[in-house]
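Structure first, commentary second.
2 protein chains.
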Amino acid sequence: MLVAEDDRKHAEILRRYLEADGYRATVAHDGPTALDRARRLRPDLVLLDVMMPGLDGLDLCRILRAESNVPVLMLTARSGEEDLLLGLDRGADDYVTKPYSPRELLARIRTLLRRASPAAPAADVLLRVGAVVVDPERHTVTVSGRLIECTPAEFAILAAMAGQPDRVFTRAQLLQQTSGYDRDSTDRTVDTHVMNLRRKIEPNPRRPAHLLTVYGMGYKLVDGTR
Amino acid sequence: MLVAEDDRKHAEILRRYLEADGYRATVAHDGPTALDRARRLRPDLVLLDVMMPGLDGLDLCRILRAESNVPVLMLTARSGEEDLLLGLDRGADDYVTKPYSPRELLARIRTLLRRASPAAPAADVLLRVGAVVVDPERHTVTVSGRLIECTPAEFAILAAMAGQPDRVFTRAQLLQQTSGYDRDSTDRTVDTHVMNLRRKIEPNPRRPAHLLTVYGMGYKLVDGTR
DNA sequence: GCCAACTTTCAGGAACTTGTCAGGTTCGGC
DNA sequence: GCCGAACCTGACAAGTTCCTGAAAGTTGGC
Numbered sequence: 051m052l053v054a055e056d057d058r059k060h061a062e063i064l065r066r067y068l069e070a071d072g073y074r075a076t077v078a079h080d081g082p083t084a085l086d087r088a089r090r091l092r093p094d095l096v097l098l099d100v101m102m103p104g105l106d107g108l109d110l111c112r113i114l115r116a117e118s119n120v121p122v123l124m125l126t127a128r129s130g131e132e133d134l135l136l137g138l139d140r141g142a143d144d145y146v147t148k149p150y151s152p153r154e155l156l157a158r159i160r161t162l163l164r165r166a167s168p169a170a171p172a173a174d175v176l177l178r179v180g181a182v183v184v185d186p187e188r189h190t191v192t193v194s195g196r197l198i199e200c201t202p203a204e205f206a207i208l209a210a211m212a213g214q215p216d217r218v219f220t221r222a223q224l225l226q227q228t229s230g231y232d233r234d235s236t237d238r239t240v241d242t243h244v245m246n247l248r249r250k251i252e253p254n255p256r257r258p259a260h261l262l263t264v265y266g267m268g269y270k271l272v273d274g275t276r
Numbered sequence: 051m052l053v054a055e056d057d058r059k060h061a062e063i064l065r066r067y068l069e070a071d072g073y074r075a076t077v078a079h080d081g082p083t084a085l086d087r088a089r090r091l092r093p094d095l096v097l098l099d100v101m102m103p104g105l106d107g108l109d110l111c112r113i114l115r116a117e118s119n120v121p122v123l124m125l126t127a128r129s130g131e132e133d134l135l136l137g138l139d140r141g142a143d144d145y146v147t148k149p150y151s152p153r154e155l156l157a158r159i160r161t162l163l164r165r166a167s168p169a170a171p172a173a174d175v176l177l178r179v180g181a182v183v184v185d186p187e188r189h190t191v192t193v194s195g196r197l198i199e200c201t202p203a204e205f206a207i208l209a210a211m212a213g214q215p216d217r218v219f220t221r222a223q224l225l226q227q228t229s230g231y232d233r234d235s236t237d238r239t240v241d242t243h244v245m246n247l248r249r250k251i252e253p254n255p256r257r258p259a260h261l262l263t264v265y266g267m268g269y270k271l272v273d274g275t276r
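Residue numbers (our numbering), protein chains in the order written: chain X, 51 to 276; chain P, 51 to 276.
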């Protein structure tokens, strides 16, 4: 079990509760560390604080969800409905608002683990935006049925955009998808990747139908058939 | 989808919300009726009010859980912790306290359905990917009928990949197959095993047809005949 | 129609990934 | 405790991809 919580005192209390209930818990105090541990330790459940330095809980959740189907339980200080919906939409399996009672938390953890246990085979998550289909699991992209070869950076960018069609992504956001957290690359980098992607997925790269420029903002992926 | 709720007005509102979101919903106004409908209609999800005449939600939940693994979402008027714990322990997959927002309810329903959907395929003893056949039971591998000798690590890697053809496995995932939990070996280790496997199963190891590299990601096993 | 701001495009060196190998370590059987 | 098989590792070469700055082309507001 992995606990991602930036407040060290709080994290320690959590860890004790979990261990008292028979779980082995590893703690990470920031987003990138949590992601790294999640990848290497393959925990059977991830407890995620929404607010964290480096990489926030919502984004982390989205990444985890793309890579595995480990159950994710979100901890959120704010109790607004928006947060809840955002969390669930990003793929969190459940959420608990602070302050929570330890008993409630443990009950929810038990439920999640029981539900996940029947060795659920990964769900087929296909991201479809018009003719563009991204398969994160197979790491493939097809356009109108034709298989497209993508480099890692291109794939990361396209997958991020396919996950939220029509949404505008800034260059900074897309850069984060490719370079991880804080490599300081230029916006040109993103432009170049977008250009290369257009060459591959657009029938006419000069007049993009799928991967559009939003002047002054960034890029978005749309259903080009409409 | 089955809605078990004794308050008729409330039940009707619920039904409308569900249908507005694209679900077909059947309503039952008491416990015994709900149980009967659940058995006959085999809904893909049951929405259960805790308090009901005849047979209350908690007991009904327990019975349903014993008979099938349909996801159960509890509706509870009381927001006390006791109810929550009872509900979850009886096997409810989630719960919502009244008053709830329709959006929250629908988001939770979506999550439950997504989680329940992967319909576990029956385990076939032979894993076949093109010419490569892995028999986990006998611990043998054949390629085009020829029996191949594999070391334990090689077998573990190949078996994992054969279980999910086309899917990309990261080196970390493959490492876990061989080393168990969290030994931290290098990625080179995996490369070496893959290289040795290629020598054994590929007609031309320089141009792999089965065990492919996915640059920046890992490896995947494909049906080389296509 | 003009200008400033923004975007596209390009080429080549930097940075990263992978394939391969040889040598060292671990492990179980005898 | 010796032996061989299997495994792990660090190094390096060979590929591949990424990044960058600058020039050329667009866009939007006035």
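The beta carbon of each residue, even a glycine, is placed where N, CA and C say it ideally should be.
Residue Tyr145/X holds the alpha-carbon nearest to the alpha-carbon of leucine 123/X among Tyr145/X, Glu252/X and Arg221/X.
Cβ-Cβ distances below 7 Å link serine 229/P to Ser235 in the same chain, with the five nearest sequence neighbours on each side left out; the list follows chain order. Within 8 Å of the CB of tyrosine 269/P, no CB atom of chain X is found; the nearest one sits about 11 Å away.
Residues Leu52 and Thr76 of the same chain have their beta carbon placed closer than 8 Å to that of leucine 91/P, with the five preceding and five following residues left out of the count. Among the residues facing chain X, glycine 180/P is not included, as its CB has no counterpart in that chain under 8 Å away. Using a Cβ-Cβ cut-off of 8 Å, proline 202/X counts as an interface residue toward chain P, since at least one Cβ of chain P sits closer than that to its own.
Taking 8 Å as the cut-off, the Cβ atoms of leucine 97/X and leucine 110/X do not count as close. In this model, leucine 162/X and alanine 78/X are separated by some 21 Å (Cα to Cα). In this model, asparagine 246/X and proline 93/P are separated by some 47 Å (Cα to Cα). For methionine 124/X, the secondary structure class from DSSP, reduced to helix, strand or coil, is strand. Going by beta carbons, leucine 177/P and alanine 209/P fall inside the 8 Å limit.
In summary, glycine 268/X is buried, with 16 or more beta-carbon neighbours lying within 10 Å of its beta-carbon over all protein chains present.
With distances taken between CA atoms, arginine 217/X lies nearest to Leu271/X out of Leu271/X, Lys59/X and Arg257/X. Residues of the region 181-196 of chain X with a C-beta atom less than 7 Å from some C-beta of chain P are Glu187, Arg188 and His189, listed in chain order. DSSP, read as helix, strand or coil, puts aspartate 144/P in strand. For the region 73-88 of chain P, the set of positions with a beta-carbon nearer than 8 Å to some beta-carbon of chain X is empty. Sequence-distant Cβ neighbours of alanine 142/X in its own chain, meaning closer than 6 Å and more than five residues away, are Cys111, Val122 and Met124. A Cβ-Cβ separation of about 23 Å leaves leucine 85/X out of contact with isoleucine 63/X under the 8 Å criterion. Under the rule that a run must span 3 or more residues, the beta strand (DSSP E) segments found entirely inside the region 159-229 of chain X read 177-179, 182-185, 190-193, 196-198 and 218-220. A Cβ-Cβ distance of about 6 Å is found for the pair glycine 81/X and aspartate 106/X, placing them in contact under the 8 Å criterion. Apart from sequence neighbours up to five positions away, the residues of its chain that approach lysine 250/P with a beta-carbon distance below 6 Å are Ile198, ordered along the chain. According to the DSSP assignment, glycine 81/P belongs to the alpha helix (DSSP H) that extends over 81-91. Going by beta carbons, proline 215/X and valine 179/X fall inside the 8 Å limit. For the 8 Å CB-CB criterion, histidine 260/X and alanine 203/X do not form a contact. The alpha-carbon of valine 240/X is positioned some 7 Å away from that of leucine 224/X. Arginine 221/X and methionine 102/X have their C-alpha atoms spaced approximately 22 Å apart.
In the three-state scheme derived from DSSP, where H, G and I count as helix and E and B as strand, threonine 239/X is classed as helix.
Membership of alanine 78/X in the beta strand (DSSP E) is indicated by the continuous run 76-78.
If you look at leucine 261/P, you'll find it in the beta strand (DSSP E) that goes 261-264. Alanine 157/P is not a Cβ neighbour of valine 184/P, given a cutoff of 8 Å.
Straight through space, the alpha carbons of threonine 126/P and valine 182/X are spaced by roughly 43 Å. The criterion of a C-beta distance shorter than 8 Å is satisfied by leucine 95/X and isoleucine 159/X. A distance below 7 Å between beta-carbons, with the five flanking residues on each side excluded, links phenylalanine 219/P to the following residues of its chain, in chain order: Ala210, Met211, Gly268, Tyr269 and Lys270.
As computed with DSSP, leucine 52/X is found in a beta bridge with Thr76/X and Val96/X.
With fewer than 16 other Cβ atoms from the protein chains shown falling within 10 Å of its own Cβ, valine 264/X counts as exposed.
Nearest neighbour of glutamine 226/P by Cα position, chosen from Thr83/X, Arg65/X, Glu55/X and Ala88/X, turns out to be Ala88/X.
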